[in-house]
Amino acid sequence: MEPQSSKPVGETMKAIVQTGREEVEVQEVKRQSPSADEVLVRVKYAGVCGSDVHAYLQMDGFEWVKMPRVMGHEYAGTVVETGENVTRFSVGETVVEIPIHPCGECHQCEIGEENVCQNTTLVGMETDGAYSEYTTVDANQLIAIPDAIETRHAAVTEPLAIAARAAYERADVTPGDSILVQGPGPIGMLIAALLDSLGAHVIVSGLGKDTKYRLPLAKELGIETVDISETDLGEYIERETDSIGVDTVFDTTGHKSGVETAVDYARKGGEVIVVGLPGESSELFFSPIVRGELDIKTSYGATRENYKQAVNVLEVGAIDVETIIDTSYESDGPASAFEDFLAGQTCKPMFSFQ
Numbered sequence: 001m002e003p004q005s006s007k008p009v010g011e012t013m014k015a016i017v018q019t020g021r022e023e024v025e026v027q028e029v030k031r032q033s034p035s036a037d038e039v040l041v042r043v044k045y046a047g048v049c050g051s052d053v054h055a056y057l058q059m060d061g062f063e064w065v066k067m068p069r070v071m072g073h074e075y076a077g078t079v080v081e082t083g084e085n086v087t088r089f090s091v092g093e094t095v096v097e098i099p100i101h102p103c104g105e106c107h108q109c110e111i112g113e114e115n116v117c118q119n120t121t122l123v124g125m126e127t128d129g130a131y132s133e134y135t136t137v138d139a140n141q142l143i144a145i146p147d148a149i150e151t152r153h154a155a156v157t158e159p160l161a162i163a164a165r166a167a168y169e170r171a172d173v174t175p176g177d178s179i180l181v182q183g184p185g186p187i188g189m190l191i192a193a194l195l196d197s198l199g200a201h202v203i204v205s206g207l208g209k210d211t212k213y214r215l216p217l218a219k220e221l222g223i224e225t226v227d228i229s230e231t232d233l234g235e236y237i238e239r240e241t242d243s244i245g246v247d248t249v250f251d252t253t254g255h256k257s258g259v260e261t262a263v264d265y266a267r268k269g270g271e272v273i274v275v276g277l278p279g280e281s282s283e284l285f286f287s288p289i290v291r292g293e294l295d296i297k298t299s300y301g302a303t304r305e306n307y308k309q310a311v312n313v314l315e316v317g318a319i320d321v322e323t324i325i326d327t328s329y330e331s332d333g334p335a336s337a338f339e340d341f342l343a344g345q346t347c348k349p350m351f352s353f354q
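What follows is the structure, given as structure tokens:
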């Protein structure tokens with residue numbers, strides 16, 4: 001196939017580059033041209049997530065990220081050029097990237113578990129990411145977005161796919177089930193919204209900075225909330241469930257205490273899905289867990305099938321994604337997006353590269 005191009009573009013582009021701990025700046029960097037198997041994407045919107053912020057802070061588990069590094073991995077953009085071997089995409093199409101690049105050769109990849117590939121590459125951390133005007137991507141890592149989905153909404157596909165994996169595949173939830181989501185961050189909010197749309201009874205808990213903005217945002221979505229700095233969560237769950245406990249707890253906090261307390265709120269025979277990534281070891285007393293036949297599962301990343309699920313959710317308008325994408329930032333002042341996220345003043349900040 002002949003390579004396609006919409007119009008010539010300059011040899012450089014603007015990008016948000018991390019240069020040190022809590023240091024990000026806009027730089028003029030070289031724009032790469034797509035190879036035979038790649039696509040050049042004009043980035044329109046790119047979101048900020050917890051892992052981006054952890055890298056920004058150089059927290060434990062993220063010290064290995066080499067700098068300077070163009071950040072960002074969740075975005076939506078438009079195809080502007082295709083390599084000569086690319087047949088699945090055309091100039092003008094809206095696309096999103098699957099940013100966890102599997103090796104395609106290990107055991108996990110062979111059995112369809114590419115989200116936990118043994119030799120994965122993380123975009124925006126191990127390679128330069130999508131906080132830039134353009135990005136080149138292997139065509140196999142792209143997902144086409146239907147015209148019915150706004151590009152800004154499409155930029156939520158990646159975190160929504162992560163939420164879909166946790167909600168649809170790792171958990172066993174049916175309409176009417178009682179659900180506790182610990183942590184009203186982006187993933188927690190998306191999980192809560194997905195399960196609420198299924199007809200589950202969802203409660204979102206938070207404390208501290210969450211109470212000023214994110215819990216009210218969950219209420220705006222019509223989801224029940226608990227401020228655990230003012231209300232004893234255990235007593236609240238007992239009242240709401242007649243001392244039975246909830247069917248499923250999703251821990252998205254990323255704190256050791258989240259995992260440790262989650263098992264106290266689930267009913268016997270229930271389940272705990274750990275989605276957050278604690279930076280410290282958690283301690284669990286397993287005797288009551290075993291006696292109660294409590295299932296503890298984890299959920300990490302997303303498969304291509306989960307991306308398709310996320311696209312379907314966006315296409316039918318199953319959740320109020322516009323409310324969740326609460327704040328837009330111009331790419332010229334990147335630090336404010338990270339600082340506002342850390343202060344709990346935004347849930348899903350979005351950079352505009354329009």
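Counting with UniProt numbering, you get residues 1 to 354 for the letters of the sequence shown.
We put the CB at the ideal spot given by N, CA and C, even for glycine.
None of the values given here were measured: they were computed from a predicted structure.
In this structure, how does DSSP classify residue i when only helix, strand and coil are distinguished?
i      : result
Lys348 : coil
His153 : helix
Ile237 : helix
Leu342 : helix
Tyr131 : coil
Gly50  : helix
Met189 : helix
Thr252 : coil
Leu142 : strand
Lys209 : helix
Val79  : strand
Arg304 : helix
Gly183 : coil
Val91  : coil
Ala337 : helix
Ala36  : coil
Lys7   : Residue placement at Lys7 cannot be trusted, given a pLDDT of 48 that sits under 50; the coordinates are not used to answer.
Arg291 : helix
Glu42  : It is worth fixing the name first, because residue 42 is Arg in this sequence and not Glu. If DSSP states are grouped into helix, strand and coil, Arg42 belongs with the strands.
Ala266 : strand
Ile162 : helix
Asp196 : helix
Thr231 : coil
Arg31  : coil
His107 : helix
Do residue j and residue i come within 8 angstroms of each other at the CB atom, strictly closer than that value?
i           : j      : result
Gly50       : Gly258 : no
Asn306      : Arg88  : no
residue 358 : Val181 : In the structure as shown, the chain begins at 1 and stops at 354. Residue 358 is therefore absent and cannot be evaluated.
Ile296      : Val274 : yes
Lys348      : Ile324 : yes
Thr261      : Gly188 : no
Gly86       : Asp128 : Correcting the residue type first, residue 86 is Val in the shown sequence and not Gly. Against a cut-off of 8 angstroms, the Cβ pair of Asp128 and Val86 comes out as no contact.
residue 361 : Gly124 : In this structure the chain extends from 1 to 354, so residue 361 is not present and cannot be described.
Ser229      : Leu207 : yes
Glu271      : Ala171 : yes
Glu224      : Val249 : no
Glu81       : Val91  : yes
Ser328      : Ser299 : no
Gly112      : Thr303 : yes
Lys209      : Gly104 : no
residue 360 : Val26  : Nothing in the structure corresponds to residue 360, since the chain is present only between 1 and 354.
Val24       : Thr12  : no
Leu198      : Leu160 : no
Please name the residue or residues paired with residue i in a DSSP beta bridge.
i      : result
Ser328 : Met350
Asp118 : The sequence given here places Gln at residue 118; Asp does not occur at that position. DSSP, once it has assigned bridges, lists no residue as partnering Gln118.
Ile16  : Val26
Lys297 : Ile273
Val204 : Val181, Thr225
Val137 : Val39
His101 : Thr121
Am I right that residue i and residue j are in contact with their C-beta atoms under 8 angstroms? What's the rounded C-beta distance?
i           : j      : result
Asp264      : Gly234 : 6 angstroms
Thr151      : Ala76  : 5 angstroms
Ile143      : Gly301 : With 8 angstroms as the limit, Ile143 and Gly301 do not qualify as a contact, their Cβ atoms being about 14 angstroms apart.
residue 409 : Leu314 : The structure shown does not extend to residue 409, since the chain spans only 1 to 354, so no value can be given for it.
Arg267      : Asp242 : Not confirmed; about 10 angstroms, so no contact.
Pro102      : Glu114 : 4 angstroms
Sorry if obvious, but does the Cβ on residue i come closer than 7 angstroms to a heavy atom of the ligand MN?
i      : result
Val274 : Inclusion of the ligand MN in the displayed structure is not the case, the ligand content being empty and no account of it being possible.
### Task
Count the C-beta pairs between the segment 27-45 and the segment 311-321 that are closer than 8 angstroms, then say yes if the count reaches three, no if not.
no
### Task
May I ask you to verify whether the segment 62-73 touches the segment 8-26, counting CB pairs closer than 8 angstroms and requiring at least 3?
yes
### Stretch pair the segment 136-149 + the segment 97-108: three plus CB contacts closer than 8 angstroms
yes
### Message
Does the contact criterion of 3 or more C-beta pairs under 8 angstroms hold for the segment 279-295 versus the segment 331-343?
### Response
no
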